[in-house]
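Peer 1:
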Amino acid sequence: MYKPKHFEETDERALWGFIDAHSFGTLLTIADGRPFASHVPFLVDRDAERLHCHVARANPQWRQLESSPEVLAIFMGPHGYISPTWYQEPGGVPTWNYAVVHAAGEARSVDDAEHKRRHVEALAAKFERGLPRPWVPDFDLRRLEGIVGIEVRVGKLEGKLKLSQNRSAADRAAVISQLEATGRAGDAALARAMAALERS
Numbered sequence: 012m013y014k015p016k017h018f019e020e021t022d023e024r025a026l027w028g029f030i031d032a033h034s035f036g037t038l039l040t041i042a043d044g045r046p047f048a049s050h051v052p053f054l055v056d057r058d059a060e061r062l063h064c065h066v067a068r069a070n071p072q073w074r075q076l077e078s079s080p081e082v083l084a085i086f087m088g089p090h091g092y093i094s095p096t097w098y099q100e101p102g103g104v105p106t107w108n109y110a111v112v113h114a115a116g117e118a119r120s121v122d123d124a125e126h127k128r129r130h131v132e133a134l135a136a137k138f139e140r141g142l143p144r145p146w147v148p149d150f151d152l153r154r155l156e157g158i159v160g161i162e163v164r165v166g167k168l169e170g171k172l173k174l175s176q177n178r179s180a181a182d183r184a185a186v187i188s189q190l191e192a193t194g195r196a197g198d199a200a201l202a203r204a205m206a207a208l209e210r211s
């Protein structure tokens with residue numbers, strides 16, 4: 012992706028952490044010369060530099076991996092509109108702030124019942140955590156026939172944090188304040204991301 016130096020994030024630890032925190036991603040493949048996308052939750056295996064997800068058996072994407080294993084997984088963080096009226100300094104234009112990580116690599120399908128069981132259990136452990144009555148997987152393995160696992164061996168991570176780094180400190184502070192006040196869904200999270208960058 013296009014990423015000017017002042018927006019680029021290269022810390023691999025931070026990139027893996029970002030994926031873990033924003034783990035509902037887009038899995039992109041090319042089949043017969045055309046792009047194909049699935050929107051799925053991922054699990055991170057940092058030590059092995061792997062991503063794990065699954066798709067419905069009826070989804071043709073997993074079959075496409077045998078002939079076209081190259082994939083791109085995209086993970087979007089907080090994002091939102093930035094009005095030029097928020098800046099302290101004149102001459103601004105409207106823009107969009109956002110944080111995103113791309114993970115490129117090769118993928119393979121995993122249609123093994125035990126693997127899929129462990130995968131579903133790990134997903135439940137992550138996303139049920141903190142719920143008043145967390146669901147504990149306890150089902151017939153035959154129910155897993157409806158899904159196919161996908162493992163991505165990540166070869167390249169790219170991160171872009173476009174969070175007004177090209178503006179003055181006064182402008183950034185003003186943007187954070189305005190985002191906190193809009194009441195729009197997602198703007199508070201974007202403000203927190205910008206504030207965290209200021210502290211780093």
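Using my numbering, the letters of the sequence shown correspond one by one to residues 12 to 211. Glycine is no exception: its CB is placed at the ideal position from the N, C-alpha and C atoms. Since the model is a prediction, treat every value here as computed from it, not as a measurement.
Let's see if you can read the secondary structure: which residues bound the alpha helix (DSSP H) around M205?
Peer 2: Counted from its first residue, the sequence shown places residue 205 at position 194. Taken as a continuous stretch (DSSP letters only), the alpha helix (DSSP H) holding M205 covers D198 to R210.
Peer 1: Strictly by DSSP, which residues pair up with Y98?
Peer 2: Residue mapping note: residue 98 aligns to position 87 of the sequence shown, counting from 1. Y98 pairs with nothing; no bridge assigned.
Peer 1: Out of curiosity, what's the CA-to-CA distance linking F138 and E20?
Peer 2: Position 127 of the sequence shown holds residue 138. Position 9 of the sequence shown holds residue 20. Roughly 27 Å between the two C-alpha positions.
Peer 1: In this structure, how does DSSP classify V131 when only helix, strand and coil are distinguished?
Peer 2: For this step, residue 131 is matched to residue 120 along the sequence shown. V131 falls in the helix class under three-state DSSP.
Peer 1: So, A110 versus A84, is the Cβ gap smaller than 9 Å?
Peer 2: Walking along the sequence shown from the start, residue 110 turns up at place 99. Walking along the sequence shown from the start, residue 84 turns up at place 73. Contact flag unset, no.
Peer 1: Quick check on P89: buried or exposed, where buried means 16 or more other Cβ atoms within 10 Å of its Cβ?
Peer 2: Position 78 of the sequence shown, counted from the start, is the residue given in the question as residue 89. With 16 or more other Cβ atoms within 10 Å, it is buried.
Peer 1: Under the rule that 16 or more other beta-carbon atoms within 10 Å means buried, what is N177, buried or exposed?
Peer 2: Numbered from 1 along the sequence shown, position 166 holds the residue referred to as residue 177. Exposed, because fewer than 16 other Cβ atoms sit within 10 Å of the Cβ of N177.
Peer 1: Mind checking D198: buried by the 16 CB within 10 Å criterion, or exposed?
Peer 2: Locating residue 198 in the sequence shown gives position 187, counting from the first residue. Flag for D198 reads buried.
Peer 1: Compute the distance between the beta-carbons of S188 and G160, then report whether it is under 9 Å.
Peer 2: Residue 188 sits at position 177 when you count from the first residue of the sequence shown. Residue 160 sits at position 149 when you count from the first residue of the sequence shown. Contact flag unset, no.
Peer 1: Could you give the C-beta distance for F53 and S79, rounded to a whole number, given that I count them as a contact under 8 Å?
Peer 2: The residue you call residue 53 lines up with position 42 of the sequence shown. The residue you call residue 79 lines up with position 68 of the sequence shown. With a Cβ gap of about 19 Å, F53 and S79 do not count as contacting.
Peer 1: Taking C-alpha atoms, which residue in A48, R68 and R195 lies nearest to E81?
Peer 2: Residue mapping note: residue 81 aligns to position 70 of the sequence shown, counting from 1. Checking every option, the nearest Cα to that of E81 belongs to A48.
Peer 1: Among A59, K14 and P15, which residue has its Cα nearest to the Cα of W27?
Peer 2: Within the sequence shown, numbered from 1, the residue matching residue 27 stands at position 16. Ranking A59, K14 and P15 by Cα distance to W27 puts A59 first.
Peer 1: Using three-state DSSP, classify N48 as helix, strand or coil.
Peer 2: By 1-based counting over the sequence shown, the position of residue 48 is 37. For the sequence presented, residue 48 should be read as Ala rather than Asn. In the structure shown, A48 sits in a strand (DSSP, three-state: E or B).
Peer 1: Ordered along the chain, which non-local residues of its own chain (more than five positions away) have a Cβ less than 8 Å from that of S179?
Peer 2: In the sequence shown, residue 179 corresponds to position 168, counting from 1. Cβ within range, chain order: Q99 and E100.
Peer 1: The beta strand (DSSP E) that contains A118, what's its start and end?
Peer 2: The residue you call residue 118 lines up with position 107 of the sequence shown. Per DSSP, A118 belongs to the beta strand (DSSP E) from T106 to V121.
Peer 1: Should the region 132-151 be regarded as contacting the region 201-210, the criterion being three or more beta carbon pairs within less than 8 Å?
Peer 2: No contact exists between the region 132-151 and the region 201-210.
Peer 1: Under the three-state reduction of DSSP, which class applies to L172: helix, strand or coil?
Peer 2: Here residue 172 refers to the residue found at position 161 when the sequence shown is read from its first residue. In the structure shown, L172 sits in a strand (DSSP, three-state: E or B).
Peer 1: Are the beta-carbon atoms of R24 and V163 separated by less than 9 Å?
Peer 2: In the sequence shown, counting from the first residue as 1, residue 24 sits at position 13. In the sequence shown, counting from the first residue as 1, residue 163 sits at position 152. Not a contact, by the Cβ cut-off of 9 Å.
Peer 1: Could you have a look at F150 and say whether DSSP puts it in helix, strand or coil?
Peer 2: The count along the sequence shown starts at 1 and reaches residue 150 at position 139. It is coil, neither helix nor strand.
Peer 1: Return helix, strand or coil for A185, following the three-state DSSP convention.
Peer 2: Residue numbering aside, residue 185 sits at position 174 when the sequence shown is read from its first letter. Of the three classes helix, strand and coil, the one that applies to A185 here is helix, per DSSP.
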